[in-house]
Every structure is written in C-alpha cells, then in structure tokens.
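Okay, so here's the structure we're looking at.
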Amino acid sequence: MERAANLTTDDFRALADALPQMAWIAESNGDIIWYNRRWYDYTGTTIEQMRGWGWRDVHHPDHVERVVARITESFQTGEPWKDTFPLRGADGGYRWFLSLAMPHRGPDGHIVHWYGTNTDITERKGMERRLARHAIDLRRSNEELEQFAYVASHDLKAPLRGIENLVGWIEEDLEGALTGDVQKNMELLKSRVRRLDSLLDDLLAYSRAGRGEVVLDRIETRKLVEELSVLVSPPEGFTVTADASLPTLRTARAPLTQALQNLIGNAIKHHDRPAEGRIRVTAETHGDSVEFVVTDDGPGIPEQFRERVFGMFQTLRPRDEVEGSGMGLAIVRKLVDRQGGKVWLADGTDGRGLAVHFTWPPDGGKGQADGVDS
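First residue of the sequence shown? That's 6 in our numbering, and the numbers climb one at a time after it.
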C-alpha cells in the first residue's frame, strides 16, 4: 500500500500511454481536458485542437450529431456512457471504436470528472457485416430451396397423378389380358410412380425440417413412441417397444415426433424379417441432454457405409427391393442438428441389427436442469 501511495502522476501517465485503448478525461460538463498518447498517435491531432468539444472534428459526419446528442444526455443525467462510432485517423481513413465512460463523483455526490476509453473494434464490425451478409444469403438460399421443393412436390405431382390414373385405366381396359411379363411390367411401373411420389414428399419434408416456429410442450416420450408404433402400421408379428427409460421432457413436439417416426419407419422398412422383427426405443439423460436410442434386430449397416447413409437419396439395397427415397436419415440428421444435438449409428444388440443414437436438448436447447422429469 505504501508503494502504491508513492506512485506519481508521471507513473499513471506512463501507464495510460501503454494502454492499447484511447483514454480520456473530461470535466463534468463534457469538456475534454486530457487524452493519452494513443489518441494523438491515431488522430494526428494536438491537445489544443481537441480540448473542450474539439473531439467532434474527428468524428464521421454521418454519426457526429447522434454521438453529440447521446453523450450530452449522459453528461446531464450522470448515467454511464456506451456507444460505437467511426473516428477519422491521421491518414484520413475511418475505423470503428467502442466508447465507454464512467462518472467520478466527489464526496458530495456531484460529478467531478468523466473517465473514458475508446477501443478499436473495426475487425469485429467487419465480421458482423460479413455474418449479416452470410445470414441474408443463407436465408435466401433456404427460401429458394423451399420454393424448389414446393414446386417439385406440387407441380410435378400433377403429371405424376396423371400417369398413375393412366396406368389404372390401362389395367381396367386390359382386365384379364395382363399376364406374364406385361403384368410384371405394369406392377413395376406402379412401383416407380409410388417411389417418385414418396421422393417428392420427402424432398419437401427435408427442405422444411426443423424450420417451423419452436413451441415447447411437455411430452411423455414413452407415450409418444407407443402412439408412433401404431401410426407407422408395422407388419403383423413386428413389435415396437417403448422402454420405461423414456422420459417426460419439455421440448419442441413436431421435430422430435418426426425424428422418432422416421427412425422407427426406416427400421421397419429395411428389416429383412418383418414378420418377427423387433424395435426398442430407449433413452438416457446426460447432463443437459437426452440420448435416445432406436435399436432394431434387422440386417444392420456395415460400418464403412454408416456415414454415407446420412446423405440425400442414399440407400444400400437396390431400389427395386425396398420402397423409399433414401432421405429418411438425412431428414433425421437435419432435425437433430437444428436442435443442437448429434446423431450417429452403432451396432445393435446380440451382434445383429442397428442402433441409431441421437441427442436431444430439452427446453428448446437451453439445457436447464428442470427440462427432464425423472
């Protein structure tokens, strides 16, 4: 304490001149009486030029009136000052600064001086502008994608329905005469029409996945899985089990429902023994997120293909063997990503099948402790 008391005015001036920020002191009425060396190095001015309200001369003309009005208000009310604005440098160019100032009051409570700093934030402002442009471009791209998906799922469905009707009329006209390869080809044609119809639906679903307004609901996920196990209409003999570990949580209902429905539907669709297949949905809470696991006892996916199947239009079996667009897992990943979670694949139990893991933050991603009911 004694050593600190021996510090001189020159010591404090040297400290102020070593700061990376501009520093300044003003009278209670706002008249500037002192700057550190950083101010003069940047602006190329002198104390005589900047005394009082001379600092206005280095402010950008598009901002100076606003800055004067705001800082005058602070000087009058005694409220701390904070603002951002461009200042002209000695080279004539402008850089952005964050200005902060606090009043220093005497024993009687009246303001004696104002102490302030200006910090160069030009790079930060540039990053903010780039991020803003990127956000605009991303929003435009998303709008174009949704518009394309809308056109694909509606305008292209009209001629598709026409083809489906035409096939039906041909079958009616040739009733009793469709045999052998002709019958087989007609069935193949109908299959192709159904696949294209499914592809258009899934394309629209992918473009819209996770884009709706987030409304948080209290969801009993075990009950939700039980409802989905009926909705997806599994084959006779196929069982879908909602484990007792499934929690009640507060989260967005629509994306969680779509993710679980896609995973259960996918497991049924790709099962090689549908008459005796089994799916089990479990969950485990890890800190601020819930890890769901959808496990089946089907053929599984070899490890070298597990990342590939998350791509759009990707299937491992030939299209003629399984109906589907190959977008189920792509939609799930997009839904989970939008919620701030992650999804990955692992081996099923007993050396067979596939386990799809995905994490889901409760409370819309806030991760609050009361988001999961035990």
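The beta carbon of each residue, even a glycine, is placed where N, CA and C say it ideally should be.
Fair warning: this is a prediction, and the values are worked out from it, not measured in the lab.
If you run the structure through DSSP and keep just helix, strand and coil, what is Gln319?
Any reading at Gln319 must be qualified, since the residue scores a pLDDT of 48, below 50, and its modelled position is unreliable; the value itself is stated next. In the structure shown, Gln319 sits in coil (DSSP, three-state: anything other than H, G, I, E or B).
Of the residues Gly358, Leu194, Asn271 and Asn34, the one placed nearest Gly173, counting alpha carbons only:
Gly173 has its Cα closest to that of Leu194, out of Gly358, Leu194, Asn271 and Asn34.
Indicate the three-state DSSP secondary structure (helix, strand or coil) for Leu251 in the structure shown.
Coil.
Ordered along the chain, which non-local residues of its own chain (more than five positions away) have a Cβ less than 8 Å from that of Met6?
Low per-residue confidence applies at Met6: pLDDT is 44, beneath 50, and the placement is therefore not dependable enough to give any value.
Helix, strand or coil at Trp101 according to DSSP, with G and I counted as helix
DSSP places Trp101 in strand when its eight states are reduced to three.
Under three-state DSSP, which class holds Val361?
DSSP places Val361 in strand when its eight states are reduced to three.
Alpha-carbon spacing of Thr246 relative to Glu177, whole angstroms
Taking the Cα positions, Thr246 is about 43 Å away from Glu177.
Using 8 Å as the cut-off, can you tell me whether the region 64-80 makes contact with the region 91-106, which would need three or more C-beta pairs spanning the two stretches below that distance?
The answer is yes - the region 91-106 touches the region 64-80, with three or more Cβ pairs under 8 Å.
Length of the line joining the Cα atoms of Ser33 and Trp101
Whole-angstrom Cα-Cα distance: 26 Å.
Could you tell me the distance, in whole angstroms, from the CA atom of Asn123 to the CA atom of Met27?
Near 5 Å, if we compare the C-alpha coordinates of Met27 and Asn123.
Chain-order list of residues whose beta-carbon lies under 7 Å from that of Ile168 (same chain, five-residue window excluded)
These residues qualify, in order along the chain: Val198.
Under a three-way DSSP split, which group does Val220 fall into?
Of the three classes helix, strand and coil, the one that applies to Val220 here is coil, per DSSP.
How is Leu229 classed by DSSP in three states: helix, strand or coil?
In the three-state DSSP reduction, Leu229 falls in the helix class (H, G or I).
By a C-beta neighbour count over all protein chains shown, 10 Å radius and 16 as the cutoff for buried, is His115 buried or exposed?
Counting Cβ neighbours within 10 Å, His115 comes out exposed, since fewer than 16 surround it.
Contact belief for Ala280 with Pro240 at Cβ below 8 Å, rounded distance in angstroms
So it is a contact: roughly 6 Å between Cβ atoms.
Report all residues from its chain with a CB closer than 7 Å to the CB of Gln373; omit the five preceding and five following residues, and keep chain order.
At Gln373 the pLDDT is 39, less than 50, meaning the model places this residue with poor confidence; the figure from the coordinates comes in the next sentence. Cβ neighbours of Gln373 beyond the five flanking positions: none.
Do Gly305 and Thr352 count as a contact pair if the criterion is CB distance below 9 Å?
Looking at the sequence provided, one finds Asp at residue 352 rather than Thr. Yes, Cβ-Cβ distance for Asp352 and Gly305 is below 9 Å.
Taking DSSP as the reference, what is the three-state secondary structure of Glu192?
Three-state result, Glu192: helix.
Locate the beta strand (DSSP E) running through Pro91, then write down its first and last residues.
First-last of the beta strand (DSSP E) with Pro91: Trp86 to Arg93.
Across which residues does DSSP place Pro108 in a beta bridge pair?
The partner list for Pro108 (beta bridge, DSSP) reads Trp119.
Spatially closest choice to Gly121 from Leu24, Ala360, Asn271 and Leu268, by CA coordinates
Comparing Cα-Cα distances from Gly121 to each of Leu24, Ala360, Asn271 and Leu268, the minimum goes to Leu24.
Can you tell me where the beta strand (DSSP E) with Trp29 in it begins and where it stops?
Judged by DSSP secondary structure, Trp29 falls within the beta strand (DSSP E) whose first and last residues are Met27 to Glu32.
Would you kindly work out how many angstroms separate the C-alpha atoms of Gly49 and Ala95, rounded to a whole number?
Straight-line measurement puts the Cα of Ala95 at about 5 Å from the Cα of Gly49.
Per-residue burial, Met196 [other beta carbons within 10 Å of its own, 16 or more giving buried]:
The displayed chain sequence assigns Ser, not Met, to residue 196. Exposed: under 16 other Cβ atoms inside 10 Å.
Pairwise C-alpha distance: Ala259 and Leu103:
So the alpha carbons of these two residues sit roughly 43 Å apart.
Can you check which of these residues, Thr14, Glu225 and Ala31, is closest to Ser250 by C-alpha distance?
Residue Glu225 is the option with its Cα nearest to Ser250.
Do you know offhand how far Asp78's Cα is from Pro108's?
Residue identity check: residue 78 is Glu in the sequence provided, not Asp. When rounded, the distance between both Cα atoms is 13 Å.
Just list the beta strand (DSSP E) runs in the region 280-309, keeping only unbroken ones of 3 residues or longer that don't cross its boundaries, in chain order.
Fully enclosed beta strand (DSSP E) runs of 3 or longer: 283-291 and 294-301.
Classify Ile126 as helix, strand or coil using the three-state DSSP reduction.
Three-state DSSP puts Ile126 in coil, outside helix and strand.
According to DSSP, is Gly346 helix, strand or coil?
Judged by DSSP in its simplified three-state form, Gly346 adopts coil rather than helix or strand.
Where Thr386 and Val361 are concerned, what is the direct C-alpha to C-alpha distance, given to the nearest angstrom?
This structure cannot speak to residue 386, because the chain is shown only from 6 to 379.
Quick check: the Cα distance between Asp22 and Arg43, rounded to an integer number of angstroms?
The C-alpha of Asp22 lies about 6 Å from the C-alpha of Arg43.
By how many angstroms is the C-alpha of Ile30 removed from the C-alpha of Arg71?
Between Arg71 and Ile30, the C-alpha separation is close to 21 Å.
Where Ala19 and His118 are concerned, what is the direct C-alpha to C-alpha distance, given to the nearest angstrom?
Their Cα atoms are separated by approximately 20 Å.
Would you please state the rounded distance, in angstroms, between the beta carbons of Leu391 and Leu340? I believe it to be under 8 Å.
Any answer about residue 391 is impossible in this case: the structure gives the chain only from 6 up to 379.
May I ask you to list the residues that DSSP assigns as paired with Val245?
Among the bridge pairs identified by DSSP, Val245 is matched with Ile284.
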